[in-house]
Structure formats: C-alpha cells, structure tokens
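The structure appears below as structure tokens.
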Amino acid sequence: MTWQRDDPVLYEKEKAEVEVHFPELRFVVENDLVYVRGSFAVMFEGQVLDRYSVELQLPRNHPTGLPVVRETGGRIPRRDDRHINTVDGTACALLPDERWRLWPPGSPLLKFFNGPLHSFFLAQTMVEEGEPWPFGQWAHGAKGIFQFYRELLKTSDLRVMTNYLAYLAAKKVKGHWPCPCRSGNKLRECHFDQIKELRDNISRKDAERSLARLKAAGASAIEMTEAKPPAPITQS
Amino acid sequence: MTADEYLREVLDSQALGDDSDEVKVLQKHRAAVEKVICDNFKDTALTIRYAGSKAKGTMNKESYDLDIISYVCAGDNTAGETLEDIYTNHKQALAMKYYVEPKGSSLRLKGCNPEDLGVDFHIDVVPGRFTDETKTDAYLYQSGGDKKRLKTNLDLHLDHVRHSGVIDAIRLSKLWRVRNGLPVRTFVLELAVIKLLTDKKKKSLSAQMKHFWTELRDNSANLTVEDPANPNGNDLTKCLDDNLKSQLAAAAKHALEQIDSAGWEAVFGKTAQQEKAARVEILRRASAVATPSRPWLPRV
Numbered sequence: 001m002t003w004q005r006d007d008p009v010l011y012e013k014e015k016a017e018v019e020v021h022f023p024e025l026r027f028v029v030e031n032d033l034v035y036v037r038g039s040f041a042v043m044f045e046g047q048v049l050d051r052y053s054v055e056l057q058l059p060r061n062h063p064t065g066l067p068v069v070r071e072t073g074g075r076i077p078r079r080d081d082r083h084i085n086t087v088d089g090t091a092c093a094l095l096p097d098e099r100w101r102l103w104p105p106g107s108p109l110l111k112f113f114n115g116p117l118h119s120f121f122l123a124q125t126m127v128e129e130g131e132p133w134p135f136g137q138w139a140h141g142a143k144g145i146f147q148f149y150r151e152l153l154k155t156s157d158l159r160v161m162t163n164y165l166a167y168l169a170a171k172k173v174k175g176h177w178p179c180p181c182r183s184g185n186k187l188r189e190c191h192f193d194q195i196k197e198l199r200d201n202i203s204r205k206d207a208e209r210s211l212a213r214l215k216a217a218g219a220s221a222i223e224m225t226e227a228k229p230p231a232p233i234t235q236s
Numbered sequence: 237m238t239a240d241e242y243l244r245e246v247l248d249s250q251a252l253g254d255d256s257d258e259v260k261v262l263q264k265h266r267a268a269v270e271k272v273i274c275d276n277f278k279d280t281a282l283t284i285r286y287a288g289s290k291a292k293g294t295m296n297k298e299s300y301d302l303d304i305i306s307y308v309c310a311g312d313n314t315a316g317e318t319l320e321d322i323y324t325n326h327k328q329a330l331a332m333k334y335y336v337e338p339k340g341s342s343l344r345l346k347g348c349n350p351e352d353l354g355v356d357f358h359i360d361v362v363p364g365r366f367t368d369e370t371k372t373d374a375y376l377y378q379s380g381g382d383k384k385r386l387k388t389n390l391d392l393h394l395d396h397v398r399h400s401g402v403i404d405a406i407r408l409s410k411l412w413r414v415r416n417g418l419p420v421r422t423f424v425l426e427l428a429v430i431k432l433l434t435d436k437k438k439k440s441l442s443a444q445m446k447h448f449w450t451e452l453r454d455n456s457a458n459l460t461v462e463d464p465a466n467p468n469g470n471d472l473t474k475c476l477d478d479n480l481k482s483q484l485a486a487a488a489k490h491a492l493e494q495i496d497s498a499g500w501e502a503v504f505g506k507t508a509q510q511e512k513a514a515r516v517e518i519l520r521r522a523s524a525v526a527t528p529s530r531p532w533l534p535r536v
C-alpha cells in the first residue's frame, strides 16, 4: 500500500499545507515511503521559540497510522525520561490510544504538526530549561496505558479495564453481553453508550495492542503506577 | 534590582570558572601548545608561563584569551640568534599544528585542520628573551612599527592589573569594548581604566563605570597611558591615537545617554538570568495554549 500513489490528491494537499506553514520542511519519497525532513520551528505568536531537526516517516497507511518521528539533530538525549526510544531514536509524542483527542484519524497532517508535534518539542525545550513537562507525561509501556485508561474510565480495577478493552477490540459488541463494569447488568442497560463512543474514538488495533500489553504486565502495571488511583467507576 | 546588583549579574553571567567548558578547552590546547614548543626547542631551556585575562582575573565569556609566554634565557641563542629569529622560529614550529596569525609581539593560534579550520583557540604565544639572569624583564620582538624590540615584564603587568582594585570595572569595560566593536587593545584599555579610576576604587561599580565613561567622553583628548613595566621605553601613544580616542569618547557618550534614557540594560543587555526568565515565561505562555499532549514511550 502506498498512500501517496493511491491518493495523489491527498499527497499534494498534505505536502502543500505543511510546506506553506513550515517552509523549512520538505517532503521526500524514498523506497515508496514518504518522509518529511528539515527544521521544525516551534512557533508562538509569530515568533520562533526553538528549532529541531526532524524526520517524520509517514506510514504506508497514512492518514490512518501514526507518523514515526525522529529528532535528527542529536540535541535531545536518547533517554527514556526524554521520551526518545534508546534503541531506534524514535520520539514518542503521544499514546496512540489518545490520538482521537489530539489528532483524530482523517485530520490533515498539518494538524499533527501544529498539535502533538508542536507540543512534544515545546515540552522538550521547557524540560531543557529545567521546567517540568508542561502537559504531564505518561509512564512508559504498560504503566502509561494503565494511567491513560484509569483516567479515561475512572477506574483502577485492572479487570474492568481489560473488559472494556476487550469490547473495544472486538469486531462487534452485542447489547445482551455483560457490561464490562462488572455490575452484572447487560451492556444495553448499563455502559452501552460509553462503549459505543469509545469504539468510535479508539481504533480496534490500538485497543487490541493495549489489551495485550496490560494483560502481559498484569498487576505490575498497577503496582508500578505511583499516582493515587482516581475514584471508582460510576455508571454514566 | 539596583544598578550595582544588575552589573554584578552581568559579571556573573560572564564568569568562566575552572570547570567551564571554555576553560577546559583552553587547558587542553595549552598543554598541546606547550608540547609543540618544547618538542621543537629541545635544546633550549625555555621558561613557559601563562598570562592573559585568565591570569589577570579579567576573563569574560565573550572575550577571553590565554597568553603563553615562551622566553629563552639571556644569552641563549639555541632558539634563534635575534629576537626576530626567536619569534619566527616559534611561528614556524607552531605552524606545523596551527594556523598562526602574527599579532604585534604575539602569535595567535587558530585551527588549521578540516574539523577546526579557522577556529580561534583564544591562545596567544608570546616568544621573547630575558634581559638578564634575574628572569624578570624580557625583550619581545615587535613585528610592526619602527622599533623592533620591546622591553617588558610579565609579573609587573599581571600585578598592575591584579592589584588594581578595579577588576570588575575592567571586566565591564572589556565587555563594553567587545559589544561596541572598539578597536582598543586589551592592555591599553586596562591601563586606561586603572588610571581613570585611581581615586574611585571605593566607589560603587556603577559609579566607577559612569566616571570612566564621563572621563572618556569629556577628557579623552588628554588621556595617556604608560606601560608600568617600561614607562619610558614602551611608547603606547600609537595604541591610543586621536582616532581611537574619538571613537572611545563617542561610545562613552552613547553609553551614558543610554543609561539616562533606558537604564543599564540598554548598555549591557539582559543578563543570562533575565533572558532565561523571559524565555521560560514565553514558553509557559506557549504551553498554556498548546494541544495538551503527553509524551509516552512504548518500551517498558
């Protein structure tokens, strides 16, 4: 699958929009993959606050998949605490499950640059200045997934969380199935609307992956999460 | 913040401690330069010492240097028969590893390799010969001017500045010189500050600087400086000619006007702390309206 050849109009549109707003970034096609490379300006009120040398590799299934981001200038240390993968140097600008809030699927690529990417590098600059992460940060791996769903579902019960994720990962959900909140009620009589909304927002693939990681981590995902759990789930 | 507190912050932001990157690099180069000199003059009992702003305590981040003094003993011709020979032989020896820029009595070292081509190492090598066995006074070769020999005394120079009581004013005046591109030699500027502030040592730093500039603005035509190591033999009038005096007077007038109209920051700019605070403030404002996305890391 090569999205740029399948949809050349989208390719030209994305390219034009990004290059107009970020004149120092260039679209390059190599081995049927689209890369965006150059100097990314962190802007505010028309002022360049900082610059980072970047490379974004757009996935073959763009705009469905997430771009792979790399800071190529070597300025950000390759460390977990800076959210740079020590193995391959990729930057982790966001948790895929949260994408719908930040850069919903189908949104223009420019929105990714002005949204999560801008925030990621702005945060890196602030951390470099000795400031805390301005938007907070997710813990790494399964811990971060646990934190996200704990906030989203307002439960720290791992069984409830995995129940929800199983429903988000399922091809279909039926109203007569038991509600994932473990109330004993049928789904249609309990959290059906919430499940429907979550299924609209979180992709099955992301839910499936997060479910697998939470199951693999098990209780350690909770134990290792230092923040105080929020209040138990209440029926919506 | 008072004017003196501000000036103190300016100086602090310009300070270069022994553990600073700049000084570490300087020390690394110093060892390499000393090795080049010693390897090339194996038969010569050289006296190698360090001077420059680091030794004088007048180092600023924006303008610093290290003088490496390389003197041969009186009567020793192994490094060259004449002062010019000693100077030229040092130049040739150093040219094997550096790009050497002749500068009056000294040799400025710059990078000549592809990775550091043209990089200024802030190091001047000063070749010379002691006048006698006491190893105090020395003769230097002067590459420019009519007089080819200059008598000097390193310790007297260092002591004159180090014990002047106006080190902070010297550092600020050096910063002022750099920021205004004034073509006055460091040593001449130091002597001018010391002379003009002779009776002002107990004044506040801001008062000293205002006095220094007022004197330059109003009386620069009458200003003369003397080399403490050789007041009669080393004529510094050429280093402080009428053209330079008028440039100094104009820059001093401008500085005083800036202080009156916009305060000290107009002269020396924001301090590092002020710049950092302003930067953090704008970053915070930017983050307040940015998409609140939290970074993650897939790997455990």
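Protein chains in written order, with my numbering: chain U, 1 to 236; chain D, 237 to 536. Beta carbons: idealized from backbone N, C-alpha and C, even for Gly.
Please classify residue 527/D as buried or exposed, where buried requires at least 16 neighbouring CB atoms within 10 angstroms.
As a first step, residue 527/D is located in the second sequence; it is residue number 291 there, counting from the start. Per the 10 Å Cβ criterion, buried.
Helix, strand or coil for residue 254/D? Go by DSSP, reduced to three states.
For the purposes of this step, residue 254/D is identified with residue 18 of the second sequence, where counting begins at 1. Assigned with DSSP and collapsed to three states, residue 254/D falls in coil, not helix or strand.
Go ahead and pull the three-state DSSP assignment for residue 41/U.
As a first step, residue 41/U must be located in the first sequence, where it is residue number 41. Assigned with DSSP and collapsed to three states, residue 41/U falls in strand.
Using a C-beta to C-beta distance shorter than 8 angstroms, which residues of chain D count as neighbours of residue 129/U?
Indexing the first sequence from 1 puts residue 129/U at position 129. The answer, in chain order, is 512, 515, 516, 519.
Return the first residue and the last residue of the beta strand (DSSP E) that residue 60/U is part of.
Position 60 of the first sequence, counting from 1, holds the residue named residue 60/U. The continuous stretches of beta strand (DSSP E) do not include residue 60/U, and DSSP gives it neither H nor E.
Test: residue 21/U CB closer than 8 angstroms to a CB of chain D:
The residue you call residue 21/U lines up with position 21 of the first sequence. Not closer than 8 angstroms to any Cβ of chain D, the Cβ of residue 21/U fails to qualify, so no.
Uninterrupted beta strand (DSSP E) stretches inside the region 260 to 304 of chain D (no shorter than 3 residues)
Within the region 260 to 304 of chain D, the complete beta strand (DSSP E) segments at least 3 residues long are 283 to 287, listed from N- to C-terminus.
Per the DSSP calculation, residue 518/D is bridged to which residue(s)?
As a first step, residue 518/D is located in the second sequence; it is residue number 282 there, counting from the start. As far as DSSP is concerned, residue 518/D takes part in no beta bridge.
What is the DSSP secondary structure of residue 47/U, reduced to helix, strand or coil?
Your numbering for residue 47/U matches position 47 in the first sequence. Of the three classes helix, strand and coil, the one that applies to residue 47/U here is strand, per DSSP.
So, is residue 468/D buried or exposed, given that buried needs 16 or more other C-beta atoms within 10 angstroms?
Residue 468/D sits at position 232 when you count from the first residue of the second sequence. Residue 468/D is exposed by the Cβ-count criterion.
Is the region 468 to 486 of chain D close to the region 450 to 459 of chain D, with three or more CB pairs under 8 angstroms?
They touch, by the three-pair rule.
Between residue 81/U and the rest of its own chain, which residues show a CB-CB distance below 7 angstroms, the 5 nearest in sequence each way excluded?
The residue you call residue 81/U lines up with position 81 of the first sequence. Answer for residue 81/U: no residue qualifies.
Length of the line joining the Cα atoms of residue 251/D and residue 296/D
Translated into the one-based positions of the second sequence, residue 251/D becomes position 15. Translated into the one-based positions of the second sequence, residue 296/D becomes position 60. Between the C-alpha atoms of residue 251/D and residue 296/D there is a straight-line separation of about 6 angstroms.
Just list the alpha helix (DSSP H) runs in the region 408 to 447 of chain D, keeping only unbroken ones of 4 residues or longer that don't cross its boundaries, in chain order.
Qualifying alpha helix (DSSP H) stretches, in chain order: 422 to 432.
Can you find a CB in chain D that lies within less than 8 angstroms of the CB of residue 118/U?
For this step, residue 118/U is matched to residue 118 along the first sequence. For residue 118/U, at least one C-beta of chain D is nearer than 8 angstroms to its own C-beta.
Less than 8 angstroms between CB atoms is the rule here; does residue 532/D satisfy it with respect to chain U?
Residue 532/D sits at position 296 when you count from the first residue of the second sequence. Closer than 8 angstroms: yes.
Proximal residues to residue 340/D (C-beta, below 7 angstroms), its chain only, five neighbours per side dropped:
The residue you call residue 340/D lines up with position 104 of the second sequence. Correct list, in chain order: 378, 379, 380.
Per DSSP, what kind of secondary structure is residue 105/U in: helix, strand or coil?
Within the first sequence, residue 105/U is the residue found at index 105, counting from 1. DSSP, reduced to helix, strand and coil, places residue 105/U outside both helices and strands of the structure shown, so it counts as coil.
Would you say residue 306/D lies against chain U (beta-carbon separation less than 8 angstroms)?
The residue you call residue 306/D lines up with position 70 of the second sequence. Put simply, the CB of residue 306/D is far from chain U, with every gap to its CB atoms at 8 angstroms or more.
To the nearest angstrom, how far is the alpha carbon of residue 293/D from that of residue 403/D?
Within the second sequence, numbered from 1, the residue matching residue 293/D stands at position 57. Within the second sequence, numbered from 1, the residue matching residue 403/D stands at position 167. In a straight line, the C-alpha of residue 293/D is about 7 angstroms away from that of residue 403/D.
According to DSSP, residues forming a beta bridge with residue 375/D
If you number the second sequence from 1, residue 375/D lands on position 139. Per the DSSP secondary-structure output, residue 375/D pairs in a beta bridge with 365/D, 387/D.
What are the boundary residues of the alpha helix (DSSP H) that includes residue 210/U?
The residue labelled residue 210/U in the question sits at position 210 within the first sequence. Taken as a continuous stretch (DSSP letters only), the alpha helix (DSSP H) holding residue 210/U covers 204 to 217.
Quick check on residue 169/U - is its C-beta less than 8 angstroms from some C-beta in chain D?
Here the question's residue 169/U lines up with position 169 in the first sequence. No, no contact with chain D.
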